[in-house]
Amino acid sequence: MTRKIRDVMSPGAAAVEPMTTVARAARVMREQDVGDVLVAYDCDLFGVLTDRDIVVRALAAGRDPADTTVGSVCTPPPVVTLTPDDTTDRALELMRKYAVRRLPVVERGGCPVGFVSLGDLAGTEDPHSALMDIGRAAPNR
Numbered sequence: 001m002t003r004k005i006r007d008v009m010s011p012g013a014a015a016v017e018p019m020t021t022v023a024r025a026a027r028v029m030r031e032q033d034v035g036d037v038l039v040a041y042d043c044d045l046f047g048v049l050t051d052r053d054i055v056v057r058a059l060a061a062g063r064d065p066a067d068t069t070v071g072s073v074c075t076p077p078p079v080v081t082l083t084p085d086d087t088t089d090r091a092l093e094l095m096r097k098y099a100v101r102r103l104p105v106v107e108r109g110g111c112p113v114g115f116v117s118l119g120d121l122a123g124t125e126d127p128h129s130a131l132m133d134i135g136r137a138a139p140n141r
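Per the UniProt record's numbering, residue 1 is the first one in the sequence shown, and the count goes up by one each step.
Here's what the structure looks like:
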């Protein structure tokens, strides 16, 4: 069943500025219990930083997380986004096309307002799916 993104998204995404260190961004992810943060100046989306970006583009590359900025390792623009008025079908289409699991949600003016994940979408299609069960499980500590 097609629904609006506003009905399934995770609102209030964590965000950091491009000059934030990777170490600080990792602490934000831990504190907010998320695997990604938006990289933005106010309403200007600069990129998306994932936990995988930290591992592959910073740590595995031998970069010091205390000196490396998120702007230098995040997925840079153009970032594929959705609006709250887009549909879940559109989100799935973009995820397939760009091989991503999460998409930032921005207002029409470009201001970030949240994320929609593959897990968010799985629940709209089949609330009893294994993916939904995994999404409801307590995080690893």
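C-beta atoms are modelled at their ideal positions from N, C-alpha and C, and glycine is treated no differently.
- In this structure Val113 touches Pro11 by the C-beta definition: roughly 6 Å separates them, less than 8 Å.
- Beta-bridge partners assigned by DSSP to Ala40: Leu45.
- Here Val56 carries a helix assignment [DSSP, helix/strand/coil].
- Between the segment 53 to 65 and the segment 82 to 97, the count of C-beta pairs closer than 8 Å stays below three; the two stretches do not touch.
- Taking a C-beta distance under 8 Å as the contact criterion, Ala25 and Val34 do not qualify as a contact pair.
- Under the three-state reduction of DSSP, Gly35 is assigned to coil, being neither helix nor strand.
- DSSP, read as helix, strand or coil, puts Val116 in strand.
- Rounded to the nearest angstrom, the gap between the Cα atoms of Thr81 and Gly62 is 30 Å.
- Under DSSP, the beta-bridge partners assigned to Ala15 are Leu38.
- DSSP, reduced to helix, strand and coil, places Arg102 within a strand of the structure shown.
- About 6 Å separates the Cβ atoms of Leu45 and Gly110, confirming a contact at the 8 Å cut-off.
- Across the structure, Ala91 and Ala60 are spaced so that their CA atoms are roughly 31 Å apart.
- Within the same chain, Cβ atoms closer than 6 Å to the Cβ of Val73 are found at Asp53, Arg57, Ala58, the five residues on either side in sequence being excluded.
- In the displayed model, Thr75 falls within a strand according to three-state DSSP.
- Under DSSP, no beta-bridge partner is assigned to Leu121.
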